[in-house]
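Novice: This is the structure, below, for whatever I ask next.
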Amino acid sequence: MNKEGYDLDFEPTPENRYECPICLLILRDPMQTVCGHRFCKCCIERWINDGKGKCPIDNSDLTDGQMFPDNFAKREILSMKVRCPNRKSGCNTCLELKHIEEHAESCPYHYQFCPNNCLSQLLRKDLDDHLQEQCSKRSVLCSFCEESMLFESYGEHEIICPARMVPCDLCKEDVMREKIAEHVATTCPHATVKCCFFLLGCHKEIKREKMEKHMKSHVQKHLQLMCCAFVKLLNFQNIESILSSRTSGNTSTQNQTESIHDPIEISGDLTALLQTAEGAASGVADGAPWRVPRVTLPNVRSLSIAGPTTKPPPIERSTSEGKSTNLADGASSSELFDTEFQSLKERNTYQDESLARHSHELLELQYKYNNLERNHKDLRQKMRALEDKINSLSDIEGRLCNGLFVWKIKNYLQRRREAETGEMTVIHSPPFYSNFYGYKLCMRCNLNGVDFSVGRHLSVFIHFMQGEWDDILSWPFRGKIVLSVLDQNPVADQRQHAVETLVSKPMLAAFQRPTTHRNHKGFGYMEYVPLDVLDNSTYVVNDTLILKAQVFPEV
Ligand SMILES: [Zn+2]
Ligand SMILES: [Zn+2]
Ligand SMILES: [Zn+2]
Ligand SMILES: [Zn+2]
Ligand SMILES: [Zn+2]
Ligand SMILES: [Zn+2]
Ligand SMILES: [Zn+2]
1 MNKEGYDLDF EPTPENRYEC PICLLILRDP MQTVCGHRFC KCCIERWIND
51 GKGKCPIDNS DLTDGQMFPD NFAKREILSM KVRCPNRKSG CNTCLELKHI
101 EEHAESCPYH YQFCPNNCLS QLLRKDLDDH LQEQCSKRSV LCSFCEESML
151 FESYGEHEII CPARMVPCDL CKEDVMREKI AEHVATTCPH ATVKCCFFLL
201 GCHKEIKREK MEKHMKSHVQ KHLQLMCCAF VKLLNFQNIE SILSSRTSGN
251 TSTQNQTESI HDPIEISGDL TALLQTAEGA ASGVADGAPW RVPRVTLPNV
301 RSLSIAGPTT KPPPIERSTS EGKSTNLADG ASSSELFDTE FQSLKERNTY
351 QDESLARHSH ELLELQYKYN NLERNHKDLR QKMRALEDKI NSLSDIEGRL
401 CNGLFVWKIK NYLQRRREAE TGEMTVIHSP PFYSNFYGYK LCMRCNLNGV
451 DFSVGRHLSV FIHFMQGEWD DILSWPFRGK IVLSVLDQNP VADQRQHAVE
501 TLVSKPMLAA FQRPTTHRNH KGFGYMEYVP LDVLDNSTYV VNDTLILKAQ
551 VFPEV
C-alpha cells in the first residue's frame, strides 16, 4: 500500500508522537529509525528514494537498513477511535481505525454517482429509491403497449404510444390510438359514410349512426335502383348474345319467342334494347313513380353465362327443351347477382382498409413534420446567436481602429444611380470609435449631393452615435476630425487626396451627446468634391470610392 498517513477525524485527537513529521498526518504503517524517530512507511521510503539519505528531524545518516516497523505503535493507532468520513452527510458512526475501511465500503451516508449515468449524486442509502422511483434513466415499461424505454423518453412516447386510449375526434369515444383510423373507417357513429347503394345510384353521404334509419326509409328507392341495375345487366348480356348470334348467322324467329316474362315482346333490334335500358334508368333519376321496366328478352339462354365478355353457347333448336332450360337459368341469374354483391362488399372492405392505412401514414407524417419544425426552430435560434456574434465582432473592429477609420464604398456606380433616382440618397458607414473607450461615430455620405449641392457635389458628414462610454466622456465633443476622399492613383506620389479638417463647434447640436441611436444632426461638407471631378479622376477605381476619417479629441 503506497499511502501517506491517516487523514481522519480521530476521537479523541491522538498525541503528537503519533504524527508523521513528513505528511503531518497520523502514522500509517509506522517505521522507527535508529535515531528514534517515527514516520509513515511510505513517507520515509519516498524520502530516502529521493536521495535524501538523512533523517528529516535530526539530519543523522539514514539508510533502508537503519529502520524497522514499529508494530507496537501500529497496533495502538489501529485501535484508536475515528469518526466516519461521511459525518457531514449524516453518519454518526465512530469505531476503531482498523474497521473504518470496511465500514466505508458499506456506509449508507457515502455519496456516489448514479450507476445509470443520470449525473445525480446521492447517498448510498437513497440509491435504491432513486433507481426505482426517480432516476431519469431508469427503464420503465409502458403499461399500454408494454414497450420498455428510459423514463426520460416516456413523455415523448405517451404522445405516440400506439396502444394508448385517445378520444376519437368525431365521436369523442376513447379508442386505441393505432385503431383510430380503423374505428373511423368501420364503426365510428359520427363518421360520414356513403350509402351502400352508392354504386347503384344512391349518393347519400351521412353519419354512420343515421345509416340504419336511411336504409329503413329508403327500402323502395334502393330496390328500384337494384332493379334498374339488374335490368341493365340483363340487357347488356342480351346485346352480347345478339351480337354473337348475328356474327354466327344462327338467329331464328323460333328461338326468339322463348321467354320467362309476360307479356312477351319480341325484338331483335339492338337500338330498341338500348332504349329500354336507358328509359328504366332515367325513370329512377327523375324520381318518377315506381314502374316495372319492360324488358325484351330475345334470348334468355344467355343469362347462364357468367360474364358479359364470355361467348354464349350454341342456341338450342328444340322448343320444349329450351323451355325446361329457362327455369334453371332463372336460378343461376340470382347466383350471378350474389357474386356481384359479394365482390362489391369485398371492394368496400378493401377501400376501408386502405383508408385506415392512409390515415395512419398521415399521422406518421404529421409526427415527422413536427420534428422538422422543432429542428428548424433550433437552427433559427443558433443563426440569430451567430448574427449577434458577428455584429459584436464588427463592433470590435470599429473600436480597434483607434480613431482612424477607412470606409470602402463598393458598387459605386450602382449606388450613385440609386442616389440620383432618389431610391437611396444617403448611406452611412459602419460605426467606429475615437479610441477603444472613446466617442462612437459614423460617416454619412450623399453620393449625389444634398440640398443645393444635389447633382453637383459629393457631400460628406460626421454623425455622433450613442456609445458605450458616453457616461465617462466629456460633452459636447471638442476636437478635430480630418476627412479625406482618397486618390487611388497607382503612382503613389501623384495621389492628391481631397482632405478637409473639421473643427468642432461645441454650440452645434451635431456635437452634443446623442439622445438617439444616431444623432440626427451631422456636421460636414455639402460641397466636398464636385461630381465631375470625381468622375474624371482616380478617386473611383474598380467601382470603389474610399473615404477616411481621423478623429482627434481634445485632451
Ligand atoms: Zn532522526
Ligand atoms: Zn507520513
Ligand atoms: Zn459511515
Ligand atoms: Zn440515476
Ligand atoms: Zn406505449
Ligand atoms: Zn369515433
Ligand atoms: Zn341510400
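When you number the sequence shown by my numbering, it's gap-free, plus one each residue, and the end is 555.
Every residue, glycine too, gets a C-beta built ideally from N, C-alpha and C.
1) To the nearest angstrom, how far is it from the Cα of residue 120 to the Cα of residue 9?
2) Run through the DSSP bridge pairs and tell me what residue 428 is partnered with.
3) Which residues in the same chain as residue 189 place their Cβ atom closer than 6 Å to its Cβ, once the five residues preceding and following it in sequence are excluded?
4) Going by DSSP, what residue range makes up the beta strand (DSSP E) through residue 214?
5) Return the Cβ separation of residue 464 and residue 514 in integer angstroms, given the expectation that the two are a contact with Cβ distance under 8 Å.
6) If you measure from each residue's Cβ to the nearest non-hydrogen atom of ligand 4, which ones come out under 5 Å, in chain order?
7) To which residues of the same chain is residue 178 closer than 8 Å at the C-beta, ignoring the five residues directly before and after it?
8) Are at least three pairs of beta-carbons, each pair with one atom in the stretch 77–90 and one in the stretch 104–114, less than 8 Å apart?
9) Below 8 Å, can you find three or more Cβ-Cβ pairs linking the stretch 525–544 to the stretch 505–514?
10) Any chance the CB of residue 142 is under 7 Å from a heavy atom of ligand 6?
11) Are at least three pairs of beta-carbons, each pair with one atom in the stretch 537–547 and one in the stretch 464–474, less than 8 Å apart?
12) With a cut-off of 8 Å on the beta carbons, I'd call residue 478 and residue 554 a contact; round off their distance for me.
13) Taking any heavy atom of ligand 7 as the mark, which residues have a C-beta closer than 6 Å to it, listed down the chain?
14) Tell whether a beta-carbon distance below 8 Å holds between residue 458 and residue 413.
15) Touch check for the stretch 31–47 and the stretch 57–77: three-plus C-beta pairs under 8 Å?
16) Compare the Cα-Cα distances from residue 156 to each of 49, 370, 65 and report the closest residue.
17) Starting from the C-beta of residue 448, find all residues in its chain whose C-beta is less than 7 Å away, skip the five residues before and the five after it, and write them out in chain order.
18) What would DSSP say about residue 230, mapped onto helix, strand or coil?
19) Can you tell me whether DSSP reads residue 475 as helix, strand or coil?
20) Whole angstroms are fine: how far does the CA of residue 216 sit from the CA of residue 225?
21) At a cut-off of 7 Å, is residue 63 close to ligand 3 when judged by its beta-carbon and the heavy atoms of the ligand?
22) In chain order, what residues of the same chain lie with their CB nearer than 8 Å to the CB of residue 139, ignoring the 5 residues before and after it?
23) Let's see if you can read the secondary structure: which residues bound the alpha helix (DSSP H) around residue 187?
24) Looking at the secondary structure, which residues open and close the alpha helix (DSSP H) in which residue 175 lies?
25) Consider the C-beta atom of residue 173 and the heavy atoms of ligand 6; say whether any pair is separated by less than 7 Å.
26) Using the three-state DSSP reduction, which class does residue 339 fall into: helix, strand or coil?
27) Considering just the uninterrupted stretch of the beta strand (DSSP E) at residue 81, what are its terminal residues?
28) Which one of 173, 409, 80, 40 has the shortest CA to CA distance from residue 3?
29) Using only CA atoms, which one of 497, 212, 193 lies nearest to residue 348?
30) Rank 551, 518, 517, 497 by C-alpha distance to the C-alpha of residue 533 and give the top, closest one.
31) Return yes when the C-beta of residue 360 is under 7 Å from any heavy atom of ligand 5, and no when it is not.
32) Taking 7 Å as the line, does the beta carbon of residue 188 fall inside it for any heavy atom of ligand 6?
33) Within 10 Å of its beta-carbon, does residue 237 have 16 or more other beta-carbons around it, so buried, or fewer, so exposed?
34) How about residue 28 and residue 5: do their beta carbons lie closer than 8 Å?
35) Short check: CB of residue 518 to CB of residue 442, under 8 Å?
Specialist: Answer, in terms of the structure:
1) Numbered from 1 along the sequence shown, position 120 holds the residue referred to as residue 120. Numbered from 1 along the sequence shown, position 9 holds the residue referred to as residue 9. In this structure, the straight-line span from the alpha carbon of residue 120 to that of residue 9 is close to 28 Å.
2) By 1-based counting over the sequence shown, the position of residue 428 is 428. According to DSSP, residue 428 bridges with 444.
3) As a first step, residue 189 is located in the sequence shown; it is residue number 189 there, counting from the start. The answer, listed in chain order, is 171, 208, 209.
4) Taking the first residue of the sequence shown as position 1, residue 214 is located at position 214. DSSP places residue 214 in no beta strand (DSSP E) but in the uninterrupted alpha helix (DSSP H) bounded by 208–217.
5) Residue numbering aside, residue 464 sits at position 464 when the sequence shown is read from its first letter. Residue numbering aside, residue 514 sits at position 514 when the sequence shown is read from its first letter. So it is a contact: roughly 5 Å between Cβ atoms.
6) For ligand 4, residues qualifying as neighbours are 114, 116, 118, 120, 135, where qualification means a beta carbon closer than 5 Å to at least one of its heavy atoms (chain order).
7) Translated into positions along the sequence shown, residue 178 becomes position 178. The residues are 162, 163, 360.
8) The stretch 77–90, when compared against the stretch 104–114, does touch it at the 8 Å Cβ threshold.
9) Cβ pair count under 8 Å is below three, so no.
10) By one-based count along the sequence shown, residue 142 stands at place 142. A distance criterion of 7 Å places the beta-carbon of residue 142 beyond contact range of ligand 6, judged by its closest non-hydrogen atom.
11) Output reads no: the stretch 464–474 does not touch the stretch 537–547.
12) Along the sequence shown, read from residue 1 onward, the residue named residue 478 stands at position 478. Along the sequence shown, read from residue 1 onward, the residue named residue 554 stands at position 554. Indeed they touch by this definition, with Cβ atoms about 4 Å apart.
13) If you measure from each CB to the nearest heavy atom of ligand 7, the residues under 6 Å come out as 195, 197, 202, 204, 214, 218, 222.
14) As a first step, residue 458 must be located in the sequence shown, where it is residue number 458. As a first step, residue 413 must be located in the sequence shown, where it is residue number 413. Taking a C-beta distance under 8 Å as the contact criterion, residue 458 and residue 413 do not qualify as a contact pair.
15) When C-beta atoms of the stretch 31–47 are compared with those of the stretch 57–77, three or more pairs fall below 8 Å, so the two segments count as touching.
16) Against the sequence shown, residue 156 aligns to sequence position 156. Per the Cα distances, 370.
17) Numbered from its first residue, the sequence shown carries residue 448 at position 448. Excluding sequence neighbours, residue 448 sits near 416, 419, 420, 425, 454, 455.
18) Sequence index remark: in the sequence shown, residue 230 carries index 230 (1-based). Helix, per DSSP.
19) Residue numbering aside, residue 475 sits at position 475 when the sequence shown is read from its first letter. If DSSP states are grouped into helix, strand and coil, residue 475 belongs with coil.
20) Reading the sequence shown from its first residue, position 225 is the one you call residue 225. Reading the sequence shown from its first residue, position 216 is the one you call residue 216. Between the alpha carbons of residue 225 and residue 216 lies a distance of about 15 Å.
21) For the purposes of this step, residue 63 is taken as the residue at position 63 of the sequence shown. Checking every heavy atom of ligand 3 against the Cβ of residue 63, none is found closer than 7 Å.
22) Within the sequence shown, the letter at position 139 stands for residue 139. Here the set comprises 148, 149, 150, 151.
23) By 1-based counting over the sequence shown, the position of residue 187 is 187. Per DSSP, residue 187 lies in no alpha helix (DSSP H) segment and is marked neither H nor E.
24) Here residue 175 refers to the residue found at position 175 when the sequence shown is read from its first residue. For residue 175, no alpha helix (DSSP H) encloses it; the enclosing beta strand (DSSP E) starts and ends at 174–176.
25) Indexing the sequence shown from 1 puts residue 173 at position 173. Relative to ligand 6, residue 173 has its C-beta within less than 7 Å of a heavy atom.
26) Within the sequence shown, the letter at position 339 stands for residue 339. Three-state DSSP puts residue 339 in a helix.
27) Taking the first residue of the sequence shown as 1, we reach residue 81 at position 81. Taken as a continuous stretch (DSSP letters only), the beta strand (DSSP E) holding residue 81 covers 81–83.
28) Taking the first residue of the sequence shown as position 1, residue 3 is located at position 3. Minimum Cα distance to residue 3 is reached at 40.
29) Position 348 of the sequence shown, counted from the start, is the residue given in the question as residue 348. Nearest to residue 348 by C-alpha distance, out of 497, 212, 193, is 193.
30) Numbered from 1 along the sequence shown, position 533 holds the residue referred to as residue 533. The option with the nearest alpha carbon to residue 533 is 497.
31) Working through the sequence shown from its first residue, we reach residue 360 at position 360. No, the Cβ of residue 360 stays beyond 7 Å of every heavy atom of ligand 5.
32) Against the sequence shown, residue 188 aligns to sequence position 188. Yes; taking the cut-off as 7 Å, the Cβ of residue 188 has a heavy atom of ligand 6 nearer than that.
33) Here residue 237 refers to the residue found at position 237 of the sequence shown. Buried.
34) Here residue 28 refers to the residue found at position 28 of the sequence shown. Here residue 5 refers to the residue found at position 5 of the sequence shown. Going by C-beta atoms, residue 28 is nearer than 8 Å to residue 5.
35) The residue given as residue 518 occupies position 518 in the sequence shown. The residue given as residue 442 occupies position 442 in the sequence shown. Cβ distance < 8 Å, so residue 518 and residue 442 count as in contact.
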